[in-house]
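Before any comments, here is the structure.
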Amino acid sequence: MSEKKLVETGSNIGQFLAIVGLILVYGVGAFWLCQELITDAQFARTGDPEDKVPLFIRFGVPTMIIGIGILYDTIGS
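If you use my numbering, the sequence shown corresponds to residues 204 to 280, in order.
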């Protein structure tokens, strides 16, 4: 195996792992954060008014996350 072929293979594997890592962190993390914010999970568990997340945060943050995802998708394509 030549030096050039070995470098290309390592580069391809590195790119694949980086993309998979970003998908896992961004996809799973964003989904979890949005689910927690929209359902207002802490308030639902305790019922304490101090645990209630303001409405603009509950819907604003997931909207920003979705918007950034669309932006990255359209620029990356």
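For every residue, glycine included, the Cβ atom is placed at its ideal position computed from N, Cα and C.
Quick caveat, the model's predicted, so the values are computed rather than measured.
Cβ-based neighbour list, residue i, same chain, cut-off 6 Å, excluding 5 preceding and 5 following
| i | result |
| --- | --- |
| Gly-277 | Note on residue identity: the sequence assigns Thr, not Gly, to residue 277. Closer than 6 Å at the Cβ level, and outside the excluded window around Thr-277, lies no residue. |
| Asp-243 | Val-256 |
| Ala-233 | Ile-268 |
Residues near residue i by beta carbon distance below 8 Å, same chain, minus five either side
| i | result |
| --- | --- |
| Ile-241 | Arg-261, Phe-262 and Pro-265 |
Residue of the options minimising C-alpha distance to residue i
| i | options | result |
| --- | --- | --- |
| Gly-270 | Gln-218, Gly-224 and Tyr-229 | Tyr-229 |
| Leu-258 | Leu-274, Glu-239, Asn-215 and Trp-235 | Glu-239 |
| Tyr-275 | Leu-225, Glu-211 and Arg-248 | Leu-225 |
| Gly-272 | Phe-246, Thr-249 and Val-231 | Val-231 |
Cutoff 7 Å; reference residue i; Cβ partners in own chain excluding five residues on either side
| i | result |
| --- | --- |
| Gln-167 | Because the chain in this structure spans residues 204 to 280, residue 167 falls outside the shown range and cannot be described. |
Which runs of the alpha helix (DSSP H), 4 residues or longer, sit entirely within the stretch 209 to 241? For the stretch 209 to 241, not a single whole alpha helix (DSSP H) run of length 4 or above is found.
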